[in-house]
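First the structure, in the form of structure tokens, and then the observations on it.
There are 2 protein chains.
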Amino acid sequence: MPRPDVPDLVERARRGEARAVARLISLVENGVEAGAGDAGTADLRAVAAALAPHTGRAHVVGLTGPPGVGKSTSTSVLVGALRAQGRRVGVLAVDPSSPFSGGALLGDRVRMGEHATDEGVFIRSMATRGHLGGLAWATPQALRVLDAAGCDVVLVETVGVGQSEVEVVALADTTVVLLAPGMGDGVQAAKAGILEIADVFVVNKADRDGAAQTVRDLRHMMSLDGGAGGWERPVVPTVAARGEGVDDLVAALDAHRDWMDAVGERRRRRIARAESEIQAITLERVRSRIGDLSGGSGLTGLAERVVAGELDPYGAADELAGTVSGR
Amino acid sequence: MPRPDVPDLVERARRGEARAVARLISLVENGVEAGAGDAGTADLRAVAAALAPHTGRAHVVGLTGPPGVGKSTSTSVLVGALRAQGRRVGVLAVDPSSPFSGGALLGDRVRMGEHATDEGVFIRSMATRGHLGGLAWATPQALRVLDAAGCDVVLVETVGVGQSEVEVVALADTTVVLLAPGMGDGVQAAKAGILEIADVFVVNKADRDGAAQTVRDLRHMMSLDGGAGGWERPVVPTVAARGEGVDDLVAALDAHRDWMDAVGERRRRRIARAESEIQAITLERVRSRIGDLSGGSGLTGLAERVVAGELDPYGAADELAGTVSGR
Numbered sequence: 028m029p030r031p032d033v034p035d036l037v038e039r040a041r042r043g044e045a046r047a048v049a050r051l052i053s054l055v056e057n058g059v060e061a062g063a064g065d066a067g068t069a070d071l072r073a074v075a076a077a078l079a080p081h082t083g084r085a086h087v088v089g090l091t092g093p094p095g096v097g098k099s100t101s102t103s104v105l106v107g108a109l110r111a112q113g114r115r116v117g118v119l120a121v122d123p124s125s126p127f128s129g130g131a132l133l134g135d136r137v138r139m140g141e142h143a144t145d146e147g148v149f150i151r152s153m154a155t156r157g158h159l160g161g162l163a164w165a166t167p168q169a170l171r172v173l174d175a176a177g178c179d180v181v182l183v184e185t186v187g188v189g190q191s192e193v194e195v196v197a198l199a200d201t202t203v204v205l206l207a208p209g210m211g212d213g214v215q216a217a218k219a220g221i222l223e224i225a226d227v228f229v230v231n232k233a234d235r236d237g238a239a240q241t242v243r244d245l246r247h248m249m250s251l252d253g254g255a256g257g258w259e260r261p262v263v264p265t266v267a268a269r270g271e272g273v274d275d276l277v278a279a280l281d282a283h284r285d286w287m288d289a290v291g292e293r294r295r296r297r298i299a300r301a302e303s304e305i306q307a308i309t310l311e312r313v314r315s316r317i318g319d320l321s322g323g324s325g326l327t328g329l330a331e332r333v334v335a336g337e338l339d340p341y342g343a344a345d346e347l348a349g350t351v352s353g354r
Numbered sequence: 028m029p030r031p032d033v034p035d036l037v038e039r040a041r042r043g044e045a046r047a048v049a050r051l052i053s054l055v056e057n058g059v060e061a062g063a064g065d066a067g068t069a070d071l072r073a074v075a076a077a078l079a080p081h082t083g084r085a086h087v088v089g090l091t092g093p094p095g096v097g098k099s100t101s102t103s104v105l106v107g108a109l110r111a112q113g114r115r116v117g118v119l120a121v122d123p124s125s126p127f128s129g130g131a132l133l134g135d136r137v138r139m140g141e142h143a144t145d146e147g148v149f150i151r152s153m154a155t156r157g158h159l160g161g162l163a164w165a166t167p168q169a170l171r172v173l174d175a176a177g178c179d180v181v182l183v184e185t186v187g188v189g190q191s192e193v194e195v196v197a198l199a200d201t202t203v204v205l206l207a208p209g210m211g212d213g214v215q216a217a218k219a220g221i222l223e224i225a226d227v228f229v230v231n232k233a234d235r236d237g238a239a240q241t242v243r244d245l246r247h248m249m250s251l252d253g254g255a256g257g258w259e260r261p262v263v264p265t266v267a268a269r270g271e272g273v274d275d276l277v278a279a280l281d282a283h284r285d286w287m288d289a290v291g292e293r294r295r296r297r298i299a300r301a302e303s304e305i306q307a308i309t310l311e312r313v314r315s316r317i318g319d320l321s322g323g324s325g326l327t328g329l330a331e332r333v334v335a336g337e338l339d340p341y342g343a344a345d346e347l348a349g350t351v352s353g354r
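Here the protein sequences line up with chains A and B, keeping their order.
Going letter by letter, the first sequence gives residues 28 to 354 in our numbering.
Going letter by letter, the second sequence gives residues 28 to 354 in our numbering.
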């Protein structure tokens, strides 16, 4: 396969060409999977470098919540509401439990059927391909692709379940936690630490018994919370299947974005996320350099000396750190 | 508190002084918990360096299995059988779910009552003190303390439950998996990946209904397994509460140790473990150096440039790796 022309792809993605967007995300995914020294790694780095000047504009919104709460439906109607206002929208459906990745999943087409032919919407499924680490690494870069492609809002929806939800949602500027009445969700969510990460609550299926009570309970909790940092977290009732309350949700998302920008919170969150990302890449690089060493100065040689009692593991780590850093 | 005289403590531990052994393990635990630059870290390093020449002799045996299978009782009778042969024994009871650590736990005294006053036995409970990582780091060093103290065999028993069992047992030369009849253990153990890690199986409570069947099933599985690497994993029926079968278990442990030494497997396992340990210490050191940096060349400065679009995260990691390694 010929090496991709990354600057050209980025230019075309910036003009909104869906195929270029899809290709860049694939390059990111493949690069994260590739070993050091592989051409895929070079492509990933080229994509990251070419994207950098064109990112930082999109409002990244994460949606999470227990299974069955209506995340997919909510994402779909949210896309519709944002498109009705003329905004460009990206959707990353992240499924830590699925081995399937790519933009052509049947599930996506069916689920997002009404948006599939809309040129103002980019939809992409991402999956683990065997290790969750890969997903955690690829997702921030995929977000940057959609950002550079001119998306005003990027929705990150976690499919599947697990604590990975919390990690993935940590990529967002604004995190929406969806709950539904009568699912014992309050308790479950509290256990999973999911209440703390919410900037906006949605009580979906608000036409069901108990919905009003769930909304009241949450609003009471949030008022006690006292609006930590100046933001009292809103609770928005919706019936996503009928599109009810979705404009209120859009308004809540915009209000949170405006509040963050006014007090500098969005910048603070983005810096903290970039710190985590840079540190993870650096440590991975050190790990990879360690793996490349061989002979007596390599890991196995040092381990042999530890087993022989000639060296302790802390002394061995000193030698290894010196070798890896070239000192 | 005055700084400890580590070489003196190691000398006293080698002569079998229980208080010196306990103090060294405490220094290890405190050192692992301490931040970089703390005196505790220096003590930990001094202990590791002083121990190195005196380690590598003990046979490290890990015992694991589902809750209720009789791990504590089996450990206790195993201590008795080894002591009856005049061997010195160390016991590390590792409880990833408990916040309590130290040698004076009431539970230990009661449980190991008959051995508590035996000068040929060292018993120590280790717990997480809040993070499992700490336990994973401290345990190999604690094993080295008991090794240097002249223990012929060190038993590592995992108390509590969870996947951490597998990690902790990965410290052992020989891993014993305990099962019991009529607990659906076979399936559970297979799920947890616990069958693969076994070098020796014990079917405890062998006087119960179904025990003979469990033993037959396991032996059949092991014969199909074909003795991977030349070791056909034995299945030893025991009734630990009455001491039955414990001499067979001791014989199986010795046979596994002799087989490992004959084919070089013990050395291979120890080198692999030392590799993991050295790599973990090195990466932690890099992480700590990153945390020490500040200003424009530090993590926050780089993250600010990434957020501003002046730099991509991979370029930032290049700069950070260069700074950390002093190049």
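Beta carbons are placed, not taken as given, at the ideal position from N, Cα and C, and that holds for glycine.
Because the structure is a prediction, the values reported are computed rather than measured.
Residue-level contact to chain B via CB, residue i, 8 Å cutoff
i, result
"A/Arg-312", "yes"
"A/Glu-331", "yes"
"A/Asp-339", "yes"
"A/Arg-294", "yes"
"A/Arg-297", "yes"
"A/Ala-348", "yes"
"A/Glu-7", "Residue 7 of chain A lies beyond the range of chain A shown here (28 to 354); nothing can be said about it."
"A/Leu-36", "no"
"A/Thr-327", "yes"
Close-in-space but distant-in-sequence residues of the same chain around residue i (CB under 8 Å, 5 per side omitted)
i, result
"A/Asp-226", "Thr-201, Thr-202, Val-203, Trp-258, Arg-260 and His-283"
"A/Asp-145", "Arg-110"
"A/Val-263", "Val-227, Phe-228, Val-229, Val-230, Gly-272, Asp-275, Leu-276 and Ala-279"
"A/His-81", "Val-37, Arg-41, Asp-174 and Ala-175"
Close-in-space but distant-in-sequence residues of the same chain around residue i (CB under 6 Å, 5 per side omitted)
i, result
"A/Val-333", "Pro-340 and Ala-343"
"B/Thr-241", "Pro-208 and Val-230"
"A/Glu-38", "none"
"B/Ala-77", "Val-33, Pro-34 and Val-37"
"B/Ala-267", "Gly-97, Thr-100, Ser-101, Val-104 and Asn-231"
Separation of residue j from residue i, as counted between CA atoms
i, j, result
"B/Asp-345", "A/Thr-166", "20 Å"
"B/Glu-337", "A/Ile-298", "13 Å"
"A/Leu-36", "A/Val-48", "8 Å"
"B/Val-181", "B/Ala-111", "15 Å"
"A/Val-116", "A/Thr-185", "17 Å"
"A/Arg-30", "A/Arg-41", "20 Å"
"B/Arg-294", "A/Val-121", "43 Å"
"B/Gly-83", "B/Arg-300", "13 Å"
"A/Gly-349", "A/Arg-50", "40 Å"
"B/Val-290", "B/His-86", "16 Å"
"B/Leu-132", "B/Ala-199", "Below a pLDDT of 50, predicted positions are generally treated as unreliable, and B/Leu-132, at 37, falls in that range; the measurement from the model is reported next regardless. The straight-line gap from Cα to Cα measures roughly 24 Å."
"B/Arg-114", "B/Gly-43", "13 Å"
Limits of the unbroken beta strand (DSSP E) element including residue i
i, result
"A/Pro-264", "262 to 264"
"B/Val-204", "201 to 206"
"A/Leu-222", "It is not in any beta strand (DSSP E) - A/Leu-222 carries neither H nor E in the DSSP assignment."
"B/Thr-82", "Premise fails: B/Thr-82 is in no beta strand (DSSP E) and is neither H nor E."
"A/Glu-184", "180 to 185"
Residue-level contact to chain A via CB, residue i, 8 Å cutoff
i, result
"B/Arg-41", "no"
"B/Ile-305", "yes"
"B/Ile-308", "yes"
"B/Val-334", "yes"
"B/Leu-159", "Model confidence at B/Leu-159 stands at a pLDDT of 48, short of 50, so the residue's coordinates are unreliable; what they give is reported in the following sentence. By this cut-off, B/Leu-159 is not an interface position."
"B/Ile-150", "no"
"B/Ala-169", "no"
"B/Gly-342", "yes"
Beta-carbon contacts of residue i that lie in its chain and below 7 Å, excluding the five residues immediately before and after
i, result
"B/Ala-169", "Ile-52, Val-55, Leu-119, Arg-151 and Met-153"
"B/Val-137", "Because B/Val-137 carries a pLDDT of 44, less than 50, the predicted location of this residue cannot be relied on, and no value is offered for it."
"A/Ala-73", "Val-33"
Extent of the continuous alpha helix (DSSP H) to which residue i belongs
i, result
"B/Asp-283", "For the record, residue 283 of chain B in the displayed sequence is His; it is not Asp. Start and end: 273 to 290."
"A/Glu-346", "340 to 351"
"A/Thr-327", "326 to 334"
"A/Thr-68", "66 to 78"
"A/Glu-38", "33 to 41"
"B/Gln-240", "238 to 252"
"A/Ser-99", "98 to 111"
Residue i Cβ short of 7 Å to the ligand PLP heavy atom set
i, result
"A/Ile-150", "Summarising the ligand content, the structure contains no ligands, and the ligand PLP is consequently not present."
Residues within the region 57 to 81 of chain A neighbouring chain B, beta-carbon criterion of under 8 Å | Leu-71, Arg-72, Ala-75, Ala-76, Leu-78, Ala-79, Pro-80 and His-81
Along the region 82 to 112 of chain B, what residues have a CB closer than 7 Å to any CB found in chain A?
-> Thr-82 and Gly-83
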